[in-house]
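Protein chains in written order, with my numbering: chain A, 6 to 192; chain B, 52 to 283. Heads up: the structure comes next, in structure tokens.
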Amino acid sequence: MSKIIDLHKDEKTLIKQAVNNNRYAQQQIYTKYASKMLSVCRQYIKDIHKAEDVMITAFMKVFTNLQSYSHEGSFEGWIRRIMINECISFLRVQKKVHYTEEEYFFEENLDEINEQFSVEQIQILIDALPDGYRMVFNLYAIEGYKHQEISEMLGISEGTSKSQLSHARKLLQQQILILNRKENEAK
Amino acid sequence: MKPNKLEQQFRELLQNRTIEPSDKAWDRLDAMLSVAEKKKKPIRTWWFVAASLLILLSIGTFFFKAEKFSPTFHNKVVIDQPILETESKIERIVNHEKTTEIIPKKIEEKIVSTKKLTVSNDFSLKRANTTPNNEIAVQEEKVESKENSVEEVANKKYISAQSLLAQIENEKKISPTTTEPRKFESKIQIDANTLLTETETEMDESFKNRALNEFLNQYQNIKTAVSNRNKE
Numbered sequence: 006m007s008k009i010i011d012l013h014k015d016e017k018t019l020i021k022q023a024v025n026n027n028r029y030a031q032q033q034i035y036t037k038y039a040s041k042m043l044s045v046c047r048q049y050i051k052d053i054h055k056a057e058d059v060m061i062t063a064f065m066k067v068f069t070n071l072q073s074y075s076h077e078g079s080f081e082g083w084i085r086r087i088m089i090n091e092c093i094s095f096l097r098v099q100k101k102v103h104y105t106e107e108e109y110f111f112e113e114n115l116d117e118i119n120e121q122f123s124v125e126q127i128q129i130l131i132d133a134l135p136d137g138y139r140m141v142f143n144l145y146a147i148e149g150y151k152h153q154e155i156s157e158m159l160g161i162s163e164g165t166s167k168s169q170l171s172h173a174r175k176l177l178q179q180q181i182l183i184l185n186r187k188e189n190e191a192k
Numbered sequence: 052m053k054p055n056k057l058e059q060q061f062r063e064l065l066q067n068r069t070i071e072p073s074d075k076a077w078d079r080l081d082a083m084l085s086v087a088e089k090k091k092k093p094i095r096t097w098w099f100v101a102a103s104l105l106i107l108l109s110i111g112t113f114f115f116k117a118e119k120f121s122p123t124f125h126n127k128v129v130i131d132q133p134i135l136e137t138e139s140k141i142e143r144i145v146n147h148e149k150t151t152e153i154i155p156k157k158i159e160e161k162i163v164s165t166k167k168l169t170v171s172n173d174f175s176l177k178r179a180n181t182t183p184n185n186e187i188a189v190q191e192e193k194v195e196s197k198e199n200s201v202e203e204v205a206n207k208k209y210i211s212a213q214s215l216l217a218q219i220e221n222e223k224k225i226s227p228t229t230t231e232p233r234k235f236e237s238k239i240q241i242d243a244n245t246l247l248t249e250t251e252t253e254m255d256e257s258f259k260n261r262a263l264n265e266f267l268n269q270y271q272n273i274k275t276a277v278s279n280r281n282k283e
């Protein structure tokens, strides 16, 4: 128990030092969270090098805005939010993300898929989605944001957000079925 | 529309995944941080420098202008020195150059006139008391004529009392080229004799007392100046 408390204390002092531009403290924070954050960026950006660029830019924002971190909620969650915002900005600038304007969404009758996938397979499946679907899917299914929050973050309507998610799910299911068929054929 | 089982699986696996960044990643971040730090400091310190300079300047000009409202003490302090200086200079000149009697007389006149002039100049600024303008105008005319005549004689080799005072005080009020008529809005009654006696008594006081009195007087005058600021 005391170990956890010590870690928390250490992080608080680390953050304090980092606010004062203590480069060693900043490096400690970076070392602690960088690999996880690169994984986050990779979810949104398919090219690993670009994902790393975005990760570094986002860390700059973490350090320059560190004094505004109020210690409410987890530090990792705070950093993560900055990462995601940076990914959204990046993709918006690239003009890669298009959200189909239709607001019609359908009730899904997706079969429950009970298979286990590896992380690599999951990433492949998500990469295969169109940009708009992937963005909404990540925010909803992986990060756990609600449609109202997603609509604000992306500048779309709630209806569009729901529609995008439906399409994403449908597509994923289709792809998994195709994957399974291929695997069965291989066997 | 909650995340279904499949999505929960995705979530778990992806949240726990890590991807090692390249070795150069930290170096790039380090460089960016250094650049940001360099940019921050100069701007901030320059702001502090600029702000403190502004404050100092404003205080300085405020006091400088406020001095105008305290003619008696300021002039006394000031007049002492130029008079002494000019006297010593006159002595020297008389000894060295063997000038005629006319010049020392005129210089004396000048000293007196400039003294009067400087005093009148300062009093000319805003004060509560009122006086008929005629008195002042007449005095000024006299002063002006004296001044003009002396200036023609003025030798380059010594600094005239006029310009000495001009150097010390605000040049706006006393200009060596006084060919144009002055436009004073003096409302102050000047009694030269009492001023002279006051001057003499002042000379006897110690510097400490003088400084103290001057400070107190300036404070008083700042108060009146502030209260009178809307009266123009």
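We treat Cβ as the ideally placed atom computed from N, Cα and C, and that holds for glycine.
Would residue i pass as an interface residue toward chain A - the criterion being a Cβ-Cβ separation below 8 Å?
i: T69 of chain B; result: yes
i: S109 of chain B; result: no
i: E58 of chain B; result: yes
i: F61 of chain B; result: yes
i: W77 of chain B; result: yes
i: P72 of chain B; result: yes
i: H125 of chain B; result: With a pLDDT of only 46 at H125 of chain B, under the threshold of 50, the placement of this residue in the model should not be trusted; the figure read from the coordinates follows. So no, H125 of chain B is outside the interface.
i: R178 of chain B; result: The predicted position of R178 of chain B is uncertain, since its pLDDT is 43 and thus under 50; no value can be drawn from it.
i: R261 of chain B; result: no
i: I225 of chain B; result: Low confidence applies here, because I225 of chain B scores a pLDDT of 46, under 50, leaving its location unreliable; read the following figure in that light. No, I225 of chain B does not count as interfacial toward chain A.
Exposed or buried, which one is residue i when buried takes at least 16 other CB atoms within 10 Å?
i: A173 of chain A; result: buried
i: E251 of chain B; result: exposed
i: T18 of chain A; result: exposed
i: Q31 of chain A; result: buried
i: F266 of chain B; result: exposed
i: T69 of chain B; result: exposed
i: K90 of chain B; result: exposed
i: T165 of chain A; result: buried
i: L107 of chain B; result: exposed
i: N281 of chain B; result: exposed
i: Q169 of chain A; result: buried
i: S44 of chain A; result: buried
i: E77 of chain A; result: exposed
i: A117 of chain B; result: buried
i: E91 of chain A; result: buried
Cβ atoms of residue j and residue i: under 8 Å apart, would you say?
i: M65 of chain A; j: M83 of chain B; result: yes
i: L65 of chain B; j: I89 of chain A; result: no
i: G149 of chain A; j: T105 of chain A; result: no
i: S40 of chain A; j: E71 of chain B; result: yes
i: I127 of chain A; j: L71 of chain A; result: no
i: E154 of chain A; j: S73 of chain B; result: no
i: K208 of chain A; j: D132 of chain A; result: Outside the modelled stretch of chain A, which goes from 6 to 192, sits residue 208 of chain A, for which no answer is possible.
i: L80 of chain B; j: Y35 of chain A; result: yes
i: L96 of chain A; j: Y49 of chain A; result: yes
i: A262 of chain B; j: T69 of chain A; result: no
i: A63 of chain A; j: I87 of chain A; result: yes
i: E81 of chain A; j: Y29 of chain A; result: no
i: Q59 of chain A; j: I84 of chain A; result: A small fix is needed here, since residue 59 of chain A is Val in this sequence, not Gln. Cβ atoms of V59 of chain A and I84 of chain A: not closer than 8 Å.
i: I118 of chain A; j: I181 of chain A; result: yes
i: E60 of chain B; j: F142 of chain A; result: Rather than Glu, the amino acid found at residue 60 of chain B in this sequence is Gln. Their beta carbons are not under 8 Å apart, which means Q60 of chain B does not touch F142 of chain A by this criterion.
i: S156 of chain A; j: E163 of chain A; result: yes
Please list, in chain order, the chain A residues whose beta carbon lies closer than 8 Å to that of residue i.
i: A82 of chain B; result: Chain A residues near A82 of chain B: none, gap ~10 Å exceeds 8 Å.
Check the Cβ-Cβ distances between residue i and every residue of chain B, and say whether any is below 8 Å.
i: E57 of chain A; result: yes
i: T69 of chain A; result: yes
i: R139 of chain A; result: no
i: F95 of chain A; result: no
i: K41 of chain A; result: yes
i: M60 of chain A; result: yes
i: I20 of chain A; result: no
i: I127 of chain A; result: yes
i: M88 of chain A; result: no
i: L184 of chain A; result: no
i: V124 of chain A; result: yes
i: Q72 of chain A; result: no
i: H172 of chain A; result: no
i: Q179 of chain A; result: no
Please list the partners that residue i has in chain B, where partner means a Cβ-to-Cβ separation under 8 Å.
i: F80 of chain A; result: Under the 8 Å cutoff, chain B gives no residues; its nearest Cβ is about 16 Å from F80 of chain A.
i: S44 of chain A; result: L65, R68, T69 and I70
i: Q169 of chain A; result: Within 8 Å Cβ-Cβ: nothing; Q169 of chain A doesn't reach chain B, min ~12 Å.
i: Q48 of chain A; result: L65
For residue i, return the contacting residues in chain B, with the cut-off set at a CB-CB distance below 7 Å.
i: N26 of chain A; result: E88
i: I118 of chain A; result: L57
i: Y35 of chain A; result: W77 and L80
Residue i touches chain B at which residues, Cβ-Cβ below 9 Å?
i: L31 of chain A; result: In the sequence as displayed, the identity of residue 31 of chain A is Gln instead of Leu. Residues of chain B passing the Cβ test: L80, D81 and L84.
i: I147 of chain A; result: P54, E58, F61, R62, L65 and Q66
i: M3 of chain A; result: Outside the shown range of chain A, which is 6 to 192, sits residue 3 of chain A, and nothing can be said about it.
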